[in-house]
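Take a look at the structure below.
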Amino acid sequence: MAKSIFILGCGIMQIPALRLAKQQGWHTAAADGNPQAPGRSYCDEFFPIDLKDTDALIAAAKTSTSGRGPDGVFTAGTDFSLSTAIIAEALGLPGHSVEAARRATDKTLMRQSFQAAGVPSPPFAELSAGQSIPNTVPGPWVVKPVDSMGARGVVRIDSRAELDAALAEARAFSRSKRALIESCMEGPEFSLDALVMGDKIIRCGLADRHIAYPPRFIETGHTIPSNADAETAEALWELFAQGIRALGLHWGAAKGDVKLTPQGPMIGEIAARLSGGYMSGWTQPAASGTEPTLGAIRLALGLDPGDLLPNRNLVCAERALIAIDGTVKQIDGATLPGVIEIFLRCRSGDKVRFPRNNVEKAGNVLAVGASHSEAQARAQAALRALRLELNPADADTGTYLDASDAFPPNVFPTGEFFARLWQSHPPHPSRGCPIKNPSIAIPANLPEHRDNAGRTMRDIILLLQNEGRLRVLMDAGTDTNNNGTLGNITPEQMRSDFWKALVRGGMEGLRWYLDRGGALE
Numbered sequence: 025m026a027k028s029i030f031i032l033g034c035g036i037m038q039i040p041a042l043r044l045a046k047q048q049g050w051h052t053a054a055a056d057g058n059p060q061a062p063g064r065s066y067c068d069e070f071f072p073i074d075l076k077d078t079d080a081l082i083a084a085a086k087t088s089t090s091g092r093g094p095d096g097v098f099t100a101g102t103d104f105s106l107s108t109a110i111i112a113e114a115l116g117l118p119g120h121s122v123e124a125a126r127r128a129t130d131k132t133l134m135r136q137s138f139q140a141a142g143v144p145s146p147p148f149a150e151l152s153a154g155q156s157i158p159n160t161v162p163g164p165w166v167v168k169p170v171d172s173m174g175a176r177g178v179v180r181i182d183s184r185a186e187l188d189a190a191l192a193e194a195r196a197f198s199r200s201k202r203a204l205i206e207s208c209m210e211g212p213e214f215s216l217d218a219l220v221m222g223d224k225i226i227r228c229g230l231a232d233r234h235i236a237y238p239p240r241f242i243e244t245g246h247t248i249p250s251n252a253d254a255e256t257a258e259a260l261w262e263l264f265a266q267g268i269r270a271l272g273l274h275w276g277a278a279k280g281d282v283k284l285t286p287q288g289p290m291i292g293e294i295a296a297r298l299s300g301g302y303m304s305g306w307t308q309p310a311a312s313g314t315e316p317t318l319g320a321i322r323l324a325l326g327l328d329p330g331d332l333l334p335n336r337n338l339v340c341a342e343r344a345l346i347a348i349d350g351t352v353k354q355i356d357g358a359t360l361p362g363v364i365e366i367f368l369r370c371r372s373g374d375k376v377r378f379p380r381n382n383v384e385k386a387g388n389v390l391a392v393g394a395s396h397s398e399a400q401a402r403a404q405a406a407l408r409a410l411r412l413e414l415n416p417a418d419a420d421t422g423t424y425l426d427a428s429d430a431f432p433p434n435v436f437p438t439g440e441f442f443a444r445l446w447q448s449h450p451p452h453p454s455r456g457c458p459i460k461n462p463s464i465a466i467p468a469n470l471p472e473h474r475d476n477a478g479r480t481m482r483d484i485i486l487l488l489q490n491e492g493r494l495r496v497l498m499d500a501g502t503d504t505n506n507n508g509t510l511g512n513i514t515p516e517q518m519r520s521d522f523w524k525a526l527v528r529g530g531m532e533g534l535r536w537y538l539d540r541g542g543a544l545e
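The opening position of the sequence shown corresponds to residue 25 in the numbering used here, with each subsequent residue numbered one higher.
Here it is as structure tokens:
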């Protein structure tokens with residue numbers, strides 16, 4: 025009789041598990057709080073159940089497979105590894121113990137476990153309302169929910185005056201309404217996936233995580249395999265193994281975030297599941313030819329995980345599309361060499377904003393190459409080929425472009441020239457461009473800083489000229505050290521609004537500004 029697997033989650037991140045289970049000829053049942061979950065077509069059975077409702081999940085699992093129930097319970101890329109363990113225990117199925125899964129879900133219990141076992145991790149404290157930061161937790165600090173994922177409600181603070189607001193936000197993202205504060209770890213970050221069979225830990229994947237936009241911790245992508253040297257990689261793996269043992273994880277998947285600090289590797293977090301963010305389901309198979317997801321499902325079924333030795337030697341880079349505030353008018357991409365997947369997480373009519381966490385990104389691209397540089401260049405090329413246009417009628421974009429907040433940050437640095445220009449001509453890109461297809465002189469010494477897709481300001485201006493939105497006057501002869509005039513540009517044409525839209529909002533911001541005038545006519 026074919027095996028049956030009950031999968032928690034039926035979204036994009038669970039599709040690899042559903043697809044692989046079907047390929048093995050196994051019966052697939054899945055539960056998700058979204059009745060229209062995108063993975064439904066891969067399921068033999070689907071249960072529209074909130075994944076926090078463990079009683080309903082247990083009842084559904086028992087009735088699945090024509091009342092026979094599943095042979096295993098599994099999740100990946102969700103917050104619900106504890107629910108998975110509870111169901112497995114209730115049905116007498118293989119998996120991590122409920123106690124271990126709880127320690128890998130509740131960050132206070134996790135930190136306490138690391139501390140008791142002597143596993144390097146940052147000083148911490150769980151804070152209730154009205155409590156102050158203890159002296160045992162030196163700053164700067166990171167405030168986070170005790171039980172959430174995807175960097176939701178996570179923020180760095182550098183002063184005690186910021187504490188109350190940070191705690192309130194963190195608790196809002198916590199299912200138990202609890203928040204943790206810990207010392208901020210400095211240094212590059214790595215993501216690790218492993219499978220655990222009792223005392224045996226099978227190393228699956230080690231990736232470089234690319235984190236940006238402080239005081240938030242937004243992952244702009246990851247690259248696998250890591251570019252770390254062999255000695256560093258071994259130290260990361262050994263610390264991850266120590267953390268797995270400290271939590272008591274013994275049968276199933278484990279995912280770790282580890283920082284390489286000046287004091288050595290320190291554990292950020294460990295989860296009792298495989299990673300989300302496209303790593304375990306897409307980038308690792310593309311780079312190595314292995315399927316850690318299949319191995320993890322096999323463990324959930326009580327089977328040997330199978331062959332996980334790499335049979336491919338490529339590099340895979342995932343990069344995120346970062347939007348600014350507004351409403352999507354149009355979004356599309358293009359197929360390019362080496363690009364294996366494009367995930368658009370918004371569509372026409374959707375509201376978007378600059379992300380505060382890793383759930384709010386507008387899209388992702390995945391590309392492979394023979395080297396780190398080739399894979400990363402291909403991923404950036406795919407980002408540049410994505411066309412995201414914002415509706416010029418949405419004033420939220422104008423409010424965003426007018427702002428001078430430190431967060432969300434400007435796409436490009438302000439610089440002395442722009443500061444002088446905006447002091448003499450205060451910018452308000454929200455009013456839109458007063459002229460259709462305006463003429464612009466590109467300053468000769470325009471800074472060469474690049475955006476998340478690898479574009480300079482000059483690149484963006486030339487691209488928008490190709491779109492017919494402006495004309496470039498190449499004979500301006502202007503540099504960025506003058507008194508604030510811009511060659512042949514008159515105040516009536518653009519003045520400082522044009523440059524503020526570009527510096528603040530990049531390609532999407534400048535495109536919106538140029539379209540805005542026509543939208544208001």
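Think of the CB as a built atom: it goes at the ideal place given N, C-alpha and C, for glycine as much as any other residue.
Source: prediction; values computed, not measured.
Beta-bridge pairing of residue i - partner residues as DSSP gives them
| i | result |
| --- | --- |
| valine 389 | Arg343, Ile366 |
| lysine 279 | Asp217, Ala295 |
| methionine 290 | Lys283 |
| glycine 229 | Asp217 |
| glutamate 413 | Gln354 |
| arginine 528 | Answer is none; arginine 528 lacks a bridge partner. |
| alanine 465 | Leu497 |
| phenylalanine 241 | For phenylalanine 241, which the question treats as bridged, DSSP gives no partner whatsoever. |
Contact under 8 Å by Cβ, residue i with residue j
| i | j | result |
| --- | --- | --- |
| alanine 61 | leucine 42 | no |
| valine 376 | valine 339 | no |
| valine 178 | alanine 203 | no |
| valine 435 | arginine 528 | yes |
| methionine 37 | glycine 101 | yes |
| cysteine 457 | glycine 541 | yes |
| aspartate 281 | serine 215 | yes |
| glycine 211 | leucine 284 | yes |
| leucine 106 | threonine 87 | no |
| leucine 323 | tryptophan 275 | yes |
| leucine 491 | threonine 480 | Residue 491 is actually glutamate in this sequence, not leucine. For glutamate 491 and threonine 480, no; Cβs fall outside 8 Å. |
| glycine 350 | threonine 421 | yes |
| leucine 332 | proline 316 | yes |
| alanine 175 | valine 220 | no |
| arginine 336 | serine 312 | yes |
| methionine 290 | methionine 173 | no |
| leucine 487 | leucine 410 | no |
| asparagine 469 | arginine 493 | no |
Nearest candidate by alpha-carbon position, reference residue i, set the options
| i | options | result |
| --- | --- | --- |
| glycine 362 | Asn58, Gly313, Ala394 | Ala394 |
| phenylalanine 148 | Ala295, Ser207, Val527 | Ser207 |
| valine 389 | Arg343, Asp418, Ser88 | Arg343 |
| glutamine 489 | Ile466, Leu470, Phe98 | Ile466 |
| threonine 423 | Pro316, Gly35, His452, Arg411 | His452 |
| arginine 455 | Ala311, Pro471, Ala525 | Ala525 |
| glutamate 365 | Trp306, Ser372, His396, Glu398 | Trp306 |
| phenylalanine 264 | Gln287, Pro158, Ala218, Ala347 | Ala218 |
| isoleucine 82 | Leu538, Tyr66, Ile31 | Ile31 |
| proline 450 | Ala468, Pro462, Asp521 | Asp521 |
| glycine 288 | Ile235, Glu213, Pro238 | Glu213 |
| valine 352 | Phe138, Pro329, Ser299, Leu414 | Leu414 |
| lysine 27 | Leu487, Asp95, Thr132, Ile348 | Asp95 |
| glycine 91 | Ile268, His51, Phe138 | His51 |
| alanine 125 | Gly93, Arg535, Leu273, Pro249 | Leu273 |
| alanine 341 | His120, Ala254, Asp232 | Asp232 |
| isoleucine 73 | Ala84, Gln48, Tyr66 | Ala84 |
Any C-beta of chain C under 8 Å from that of residue i
| i | result |
| --- | --- |
| glutamate 213 | You won't find chain C in this structure, because it holds only one protein chain. |
If we require 3 or more residues per run, which beta strand (DSSP E) segments fall completely within the stretch 31-62? Qualifying beta strand (DSSP E) stretches, in chain order: 51-55.
Can you confirm whether the stretch 101-118 touches the stretch 74-87 when touching is taken to mean that 3 or more C-beta pairs between the two stretches lie within less than 8 Å? Taking 8 Å as the limit for Cβ pairs, the verdict is that the stretch 101-118 does touch the stretch 74-87.
Below 8 Å, how does it come out for the stretch 191-198 and the stretch 219-237: are there three or more Cβ pairs, yes or no? They do not touch, by the three-pair rule.
Would you call the stretch 436-449 and the stretch 405-417 touching, i.e. three or more CB-CB distances under 8 Å? Counting Cβ pairs under 8 Å, fewer than three are found: no touch.
Segments assigned alpha helix (DSSP H), at least 4 residues, entirely inside the stretch 71-122: 78-87, 105-115, all fully within the stretch 71-122.
With three or more C-beta pairs closer than 8 Å as the rule, is the stretch 233-249 touching the stretch 378-386? Yes, they touch.
Secondary structure, beta strand (DSSP E): runs of 3+ residues fully inside the stretch 163-213: If we require 3 residues or more, the beta strand (DSSP E) runs fully inside the stretch 163-213 come out as 165-169, 179-181, 203-207.
Under 8 Å: do the stretch 149-167 and the stretch 183-192 share three or more Cβ pairs, one atom per stretch? Yes, the stretch 149-167 touches the stretch 183-192.
For a minimum of 4 consecutive residues, which ranges assigned as the alpha helix (DSSP H) are wholly contained in the stretch 434-462? Secondary structure remark: continuous alpha helix (DSSP H) runs of at least 4 residues inside the stretch 434-462, in chain order: 439-448.
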